[in-house]
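K.L.:
Each residue of the sequence shown is one higher than the one before, counting from 558 in this note's numbering.
Yeah, the Cβ is synthetic: ideal placement off N, Cα and C, and Gly gets one too.
Before we start, here is the structure in question, set down as structure tokens.
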Amino acid sequence: MVPWEPLVVYVLILIGAALLGWLPFYVLDRISIVDRIDVAEAHRRREAATDSTVICLRCGRPNEREYAFCRSCGGKLPTDQE
């Protein structure tokens, strides 16, 4: 007669190992921020920022450094003192 209890335990161990091997990758994929990063937008912001311009933190548009507020959205621009 076939000993069912060791076979069931073996199958449960295999299922548990499969879940433990798969679960961390699933969780890391779910919390990943890679999909939220817009590489083109980040590159555009980096290229737009020069010595004579400053990037608005609210809308991301470049403004001339002598302005205190964004010309597009009216948000306060970061200054050297901040």
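Three-state secondary structure (DSSP) at E639?
P.N.:
With a pLDDT of 46 at E639, under the threshold of 50, the predicted position of this residue should be treated as unreliable, and no value is reported.
K.L.:
Under 8 Å by Cβ, that's how I've got C630 and N620 pegged, so tell me the actual separation to the nearest angstrom.
P.N.:
In fact, because the Cβ distance is near 10 Å, the residues do not count as touching under 8 Å.
K.L.:
Sort K633, P563 and V566 by Cα distance to L614 and report the nearest one.
P.N.:
Measuring from the Cα of L614, the nearest candidate turns out to be K633.
K.L.:
Looking at the unbroken alpha helix (DSSP H) that takes in E621, where does it start and where does it end?
P.N.:
Segment P619 to E621 is the beta strand (DSSP E) holding E621; no alpha helix (DSSP H) there.
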